[in-house]
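In full-length UniProt numbering, the protein residues as written are 1 to 220.
Ideal Cβ positions, reconstructed from N, Cα and C, are used throughout, including at glycine.
What you are looking at is a predicted structure, and each value in this text was computed from that prediction instead of being measured.
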Ligand code: AMP
Ligand code: MN
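Printed below as a string of structure tokens:
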């Protein structure tokens with residue numbers, strides 16, 4: 001088991017730990033972008049209230065409900081549909097990053113549980129519709145659902161710029177690990193896209209610095 005990872009049973013046995021569960025909903029698709037780039041799979045993520053990309057889900061208290069029932073409850077709030085999540089959909093559990101002095105103490109350590117659920121394309125489209133029509137969190141905790149572009153277009157557009165965005169918690173590595181584990185993207189494609197994402201981030205930092213300097217120079 002990779003460092004920081006633990007089994008579902010070990011995670012549940014952790015005294016005083018907090019738990020968060022998130023899920024990757026996905027399907028296969030035959031559609032092509034502009035009739036030339038196979039989209040291959042639709043993977044749902046969301047733009048969160050905090051400006052970060054993440055997977056649907058949230059905090060669950062295992063003393064009150066099972067991890068999967070809690071995740072399902074979070075999905076009804078965030079997506080407007082109570083999708084059943086099963087123990088067999090569980091991919092992994094690991095300690096979250098100790099982001100603040102309080103969360104690094106063992107008594108409130110965060111464990112993040114990640115699930116993946118394969119659906120039919122029509123079901124994924126129905127989730128996207130419900131997320132803007134019936135979900136109570138729409139426009140509040142969830143600003144909108146997004147699909148992950150898995151293709152690489154001329155000039156490197158597609159997966160690389162997507163990976164260069166900012167993600168909540170360990171969502172970026174959960175995405176990358178699942179893409180490999182579920183054979184949704186070839187390892188060399190992911191390696192190239194990750195390397196390009198790093199370059200894009202560096203260029204983005206330069207652009208941001210220049211824009212801030214320019215804003216300071218402009219008369220009010
Ligand atoms: P949420 O209620 O969805 O904000 O999630 C609860 C906690 O899990 C927060 O501390 C988030 O930073 C963290 N988190 C959010 N999304 C993910 C994710 N995909 N993977 C791991 N942790 C996450
Ligand atoms: Mn959430």
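Start-end ranges of the beta strand (DSSP E) lying completely within the UniProt domain "Nudix hydrolase" (16-175), minimum 3 residues: 18-28, 41-48, 57-60, 90-95, 110-118, 142-147
Neighbour-count burial assignment, residue 212, 16 or more Cβ in a 10 Å radius: exposed
Where the alpha helix (DSSP H) containing residue 218 begins and where it ends: Neither: residue 218 is in no alpha helix (DSSP H) and is coded neither H nor E.
For residue 183 and residue 40, the rounded distance between their alpha carbons: 11 Å
Candidates 5, 25, 18, 57, of which the one nearest residue 141 by Cα: Of the candidates 5, 25, 18, 57, the one whose C-alpha sits nearest the C-alpha of residue 141 is 57.
Residue 6, DSSP secondary structure in three states: In the structure shown, residue 6 sits in a strand (DSSP, three-state: E or B).
Distance between residue 128 and residue 144 (C-alpha atoms, nearest Å): 9 Å
Simplified DSSP assignment, three categories, for residue 182: coil
Exposed unless 16 or more other CB atoms sit within 10 angstroms - verdict on residue 191: Counting Cβ neighbours within 10 Å, residue 191 comes out exposed, since fewer than 16 surround it.
Proximity winner among 18, 80, 54, relative to residue 133 (alpha-carbon distances): 80
Sub-7 Å separation of residue 43 and residue 148 beta-carbons: For the 7 Å CB-CB criterion, residue 43 and residue 148 form a contact.
Alpha carbon of residue 37 to alpha carbon of residue 31, nearest angstrom: 9 Å
Cβ neighbours of residue 82 in the same chain (closer than 7 Å, five flanking residues each side left out): 72, 75, 76
Backbone CA spacing between residue 156 and residue 202 [nearest angstrom]: 15 Å
Helix, strand or coil at residue 193 according to DSSP, with G and I counted as helix: In the three-state reduction of the DSSP assignment, residue 193 falls in the helix class, which pools H, G and I.
The ligand MN heavy atom lying under 6 Å from the CB of residue 58: Under cutoff, so the answer is yes.
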